[in-house]
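Asks: Residues are numbered in the working numbering as their position in the sequence shown, beginning at 1, plus a constant of 1184.
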Amino acid sequence: MPKPSQAFMRGTLFLSAAALINRILGLISGMFVARVLGAEGIGLLMMAHPLVPLVITITELGLPVAISKLVAEADARGDRTKVRRTLHVSLFVTGFLSVALTTLTLLGSEWIASILLSDQRAYYAMLAITPIAPIVAVSAVLKGYFRGKQRMQTIAASDVLENTVQIACVLALVHVLLPYGVAYAAAGAMAASVVSEISSLMFLLASYKLRGEIKLPGETWAAHLRKGRSTLTELLRIGLPTTGNGLIHSLYHAFQPLLITTSLAAAGISTAAATKQFGMIAGYAFPLLFMPSFITQSLSTALIPAISEAAANKNSLLMHERMELALRLGFLIGAPATVILYVWSTPLTTLIYNAPEAGQLLQILAPMFFLHYFDAPLHAILLGLGRANATLWNYVITTAFKIAAIYVLGSEFGIVGIAVALGLSIVLMTMLNFYSISGSIGLYWDIRPYARGTFSMIIMVLCGQWAIRYLDSLALPMLWNTIGSVCFSLLVYIAVLSFTKAWSQKSKRIYS
1185 MPKPSQAFMR GTLFLSAAAL INRILGLISG MFVARVLGAE GIGLLMMAHP LVPLVITITE
1245 LGLPVAISKL VAEADARGDR TKVRRTLHVS LFVTGFLSVA LTTLTLLGSE WIASILLSDQ
1305 RAYYAMLAIT PIAPIVAVSA VLKGYFRGKQ RMQTIAASDV LENTVQIACV LALVHVLLPY
1365 GVAYAAAGAM AASVVSEISS LMFLLASYKL RGEIKLPGET WAAHLRKGRS TLTELLRIGL
1425 PTTGNGLIHS LYHAFQPLLI TTSLAAAGIS TAAATKQFGM IAGYAFPLLF MPSFITQSLS
1485 TALIPAISEA AANKNSLLMH ERMELALRLG FLIGAPATVI LYVWSTPLTT LIYNAPEAGQ
1545 LLQILAPMFF LHYFDAPLHA ILLGLGRANA TLWNYVITTA FKIAAIYVLG SEFGIVGIAV
1605 ALGLSIVLMT MLNFYSISGS IGLYWDIRPY ARGTFSMIIM VLCGQWAIRY LDSLALPMLW
1665 NTIGSVCFSL LVYIAVLSFT KAWSQKSKRI YS
């Protein structure tokens, strides 16, 4: 196997292993917080969080994505000065903007809370999470550098450290602050995120110092900044469309709690009940839906510099091989995950969150969320190809559709309508990204493995339902019924995949 492919797969493996550990840690933390704070407390957390991504998006200016692309290209040419200048210019810009905007946010926090928060008890949680913005922004720049250098193991280690520290702090702070009320406990959970991000940033800085670029004679920060105008122009040309995408994303998520609670109010639901229902969908259903996507997310992280490198070298074959691998892996992971989340929706939300009522929302979202396992690689491919503008416009269209759908369906059908609206937006986003790539460079597509994989999914559903009924007839507790039936259905899925040889043969490449 060629060296670039080895680096690509090794990076994906490191990130996937770290992501698995992080998801497990996050699930443990989420179970504790959900059981202690309840749906109402989770709703407060979800309401307080969206402002921070908005500040981070503005301060990053899309530079982490641009850095990984430029560093990968400069590193391939052996241009060490360009690598260091790219990093230094990016750190200066993000550092300055993040500190300035975070200061303004803290000074205007009460005014911001009066506009964005439909439940003012979320104010303390919003205040606690605000200082995280400059820490995350600088960390993102360093991670962009390490992605460009294909040093995914450093990113993986920092992520594991961050989540380990976070779960320890969450357990401690929520326990200490809960006697003072759910609002203070939610603020403690947010403060734990700040502490964990600081630990991750310290690790990234130490890793750069130990294994960073060799400093050349006469090289200083001031020299890089004086000569960095052209580098900044390059960074912004790539990063600004990504910033537009992230800005719309952050603005939408900042107003999403207000949008959802307003639509629920139009359906005749009180503020407290709306907060609880928002907590169920954002704090219970979506974490479970995103849980299995850690492999495709890790693959997507490694895809951006890998596709950039292949495209820069005009290696069309390697580029399409990596794209095909990403899409197949998305199906391979997404298929059984979708079956499990659909068939066992209520047992999962009951066992993990003690919230059986959230099972209906999870079951509604799971089939449509299946396409999300393709969307992350598709988005990364477009960024690697330099098609950031396409991702921006696709997201604009999807967000406009989502806002309209949430209000119309939510005000008519309540939280069930909102779940359907969110699911439909995921379907639309994936299809738009797919057509953008297909219309640009084409996609190699062989329908046979996907047809066999779909057949495996159907058999998995049937066997899983049979196993549930059989184990239920033995009067097993819900925990052992769920574990036994899920494991049995997974074994059946793997066996059918192997029997049909769904992934063993080489694809006949067909342009789509």
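Glycine residues also receive a C-beta, built at the ideal position from the N, C-alpha and C atoms.
Rounded to whole angstroms, how far is the Cβ of Leu1612 from the Cβ of Leu1549, which I believe are closer than 8 Å?
Replies: Rounded, the Cβ-Cβ distance is 14 Å, inconsistent with contact.
Asks: Using the Cβ count rule (16 or more neighbours within 10 Å means buried), how would you classify Phe1618?
Replies: Phe1618 comes out buried.
Asks: Classify Pro1186: buried if its beta carbon has 16 or more other beta carbons within 10 angstroms, exposed otherwise.
Replies: Confidence at Pro1186 is low in this model, with a pLDDT of 44, below 50, so its placement is unreliable and the value that follows should be read with caution. It is exposed - the Cβ of Pro1186 has fewer than 16 other Cβ atoms within 10 Å.
Asks: How many angstroms separate the CA atom of Thr1684 from the CA atom of Arg1632?
Replies: For Thr1684 and Arg1632, the distance between alpha carbons rounds to 10 Å.
Asks: For Ala1376, which residues of its own chain have a beta-carbon under 6 Å away from its beta-carbon, when the five flanking residues on both sides are left out?
Replies: Counting only Cβ-Cβ distances below 6 Å, and skipping sequence neighbours, we find Gln1350, Cys1353, Val1354 and Leu1357.
Asks: Within its chain, find whatever has a CB closer than 6 Å to the CB of Ser1293; leave out the 5 residues flanking it on each side and keep chain order.
Replies: Leu1311, listed in sequence order.
Asks: Which same chain residues end up closer than 6 Å to Ile1652 when comparing Cβ atoms and leaving out the 5 residues on each side of it in sequence?
Replies: The answer, listed in chain order, is Ser1669.
Asks: Could you give the distance in angstroms between the alpha-carbon of Thr1455 and the alpha-carbon of Trp1528?
Replies: The straight-line gap from Cα to Cα measures roughly 30 Å.
Asks: Contact defined as beta carbons within less than 8 Å: I believe Ser1609 pairs with Thr1582. What is the distance between those atoms, to the nearest angstrom?
Replies: Confirmed, about 5 Å.
Asks: Would you mind sorting Tyr1695 into buried or exposed? The rule is 16 or more other CB atoms within 10 Å of its CB.
Replies: Residue placement at Tyr1695 is poorly supported in this model, since its pLDDT is 38, which falls under 50; the coordinates still yield a value, given next. So Tyr1695 ends up on the exposed side.
Asks: Distance check for Gly1328 and Leu1381, CA to CA, integer angstroms please.
Replies: In the sequence on display, residue 1381 carries Glu and not Leu. Rounded to the nearest angstrom, the two C-alpha atoms are 16 Å apart.
Asks: Residues in the same chain with beta-carbon distance under 7 Å from Pro1248, minus the five sequence neighbours each way, listed in chain order, please.
Replies: Result list for Pro1248: Ala1324, Val1325, Lys1327 and Gly1328, in chain order.
Asks: Just tell me which of Ile1491, Met1374 and Gly1279 has its CA closest to the CA of Ala1256.
Replies: Of Ile1491, Met1374 and Gly1279, the residue nearest in Cα terms is Ile1491.
Asks: Which residue marks the beginning of the alpha helix (DSSP H) containing Leu1290, and which one marks its end?
Replies: Where Leu1290 is concerned, the enclosing alpha helix (DSSP H) stretches over Arg1264 to Leu1291.
Asks: Check for me: the alpha helix (DSSP H) holding Ser1323 runs from which residue to which?
Replies: Ser1323 -> alpha helix (DSSP H) spans Ile1316 to Gly1332.
Asks: Along the chain, where does the alpha helix (DSSP H) that runs through Phe1173 open and close?
Replies: Since the first and last residues shown for the chain are 1185 and 1696, residue 1173 lies out of range.
Asks: Can the beta-carbon of Asn1206 be found less than 8 Å from the beta-carbon of Val1344?
Replies: Going by C-beta atoms, Asn1206 is nearer than 8 Å to Val1344.
Asks: By alpha-carbon positions, which one of Pro1441, Ala1494 and Arg1268 ends up nearest to Gly1463?
Replies: Checking every option, the nearest Cα to that of Gly1463 belongs to Pro1441.
Asks: At a threshold of 7 Å, does Thr1533 count as lining the ligand FAD (C-beta to nearest heavy atom)?
Replies: Absence of the ligand FAD from the depicted structure is noted, as is the absence of any ligand whatsoever, leaving it without description.
Asks: Taking the continuous alpha helix (DSSP H) assigned at Pro1520, which residues delimit it?
Replies: Taken as a continuous stretch (DSSP letters only), the alpha helix (DSSP H) holding Pro1520 covers Ser1500 to Val1527.
Asks: Where does Asn1573 fall in DSSP's three states?
Replies: DSSP places Asn1573 in helix when its eight states are reduced to three.
Asks: Could you tell me if Asp1559 is buried or exposed, where buried requires 16 or more neighbouring beta carbons within 10 angstroms of its beta carbon?
Replies: Per the 10 Å Cβ criterion, buried.
Asks: Using the Cβ count rule (16 or more neighbours within 10 Å means buried), how would you classify Tyr1307?
Replies: By the 10 Å Cβ count, Tyr1307 comes out buried.
Asks: Just list the alpha helix (DSSP H) runs in the segment 1456 to 1486, keeping only unbroken ones of 4 residues or longer that don't cross its boundaries, in chain order.
Replies: The segment 1456 to 1486 contains these whole alpha helix (DSSP H) runs: 1470 to 1474.
Asks: Does the separation of the CB atoms of Thr1426 and Gly1246 fall below 8 Å?
Replies: Taking 8 Å as the Cβ cut-off, Thr1426 and Gly1246 qualify as a contacting pair.
Asks: Do the segment 1661 to 1679 and the segment 1640 to 1651 meet, that is, are 3 or more Cβ pairs less than 8 Å apart?
Replies: Short answer: they touch.
Asks: Can Thr1415 and Arg1261 be called in contact, C-beta distance under 8 Å?
Replies: The answer is no: Cβ separation not under 8 Å.
Asks: Our contact map puts Gly1467 next to Ile1226 with C-beta atoms below 8 Å; I'd like the distance itself, whole angstroms only.
Replies: 3 Å between Cβ atoms; contact.
Asks: Give every residue of the same chain whose Cβ lies closer than 8 Å to the Cβ of Ile1517, excluding the five residues on either side of it in the sequence, and list them in chain order.
Replies: Counting only Cβ-Cβ distances below 8 Å, and skipping sequence neighbours, we find Pro1476, Ser1477, Ile1479, Thr1480 and Tyr1557.
Asks: How many angstroms separate the CA atom of Leu1254 from the CA atom of Leu1566?
Replies: Approximately 16 Å, taken between the alpha carbons.
Asks: Output needed for Ala1136: all residues of its chain with C-beta closer than 8 Å, excluding positions within five of it in sequence on either side, in chain order.
Replies: It is not possible to answer for residue 1136, since the shown part of the chain is limited to 1185 through 1696.
Asks: For Ala1373, count neighbouring C-beta atoms within 10 Å of its own C-beta (all shown protein chains included) and say buried if the count is 16 or more, exposed if not.
Replies: Buried is the call here.
Asks: Where do the N-terminal and C-terminal ends of the alpha helix (DSSP H) with Arg1653 fall, by residue?
Replies: Where Arg1653 is concerned, the enclosing alpha helix (DSSP H) stretches over Ile1631 to Ser1657.
Asks: Alpha carbon to alpha carbon, what distance is there between Ala1370 and Ile1212?
Replies: Straight-line Cα distance between these residues: approximately 17 Å.
Asks: If you measure between the beta carbons of Ile1432 and Val1580, is that distance less than 8 Å?
Replies: Their beta carbons are under 8 Å apart, which means Ile1432 touches Val1580 by this criterion.
Asks: Run through DSSP, which three-state label would Arg1335 get?
Replies: In this structure, Arg1335 counts as coil in the three-state DSSP scheme.
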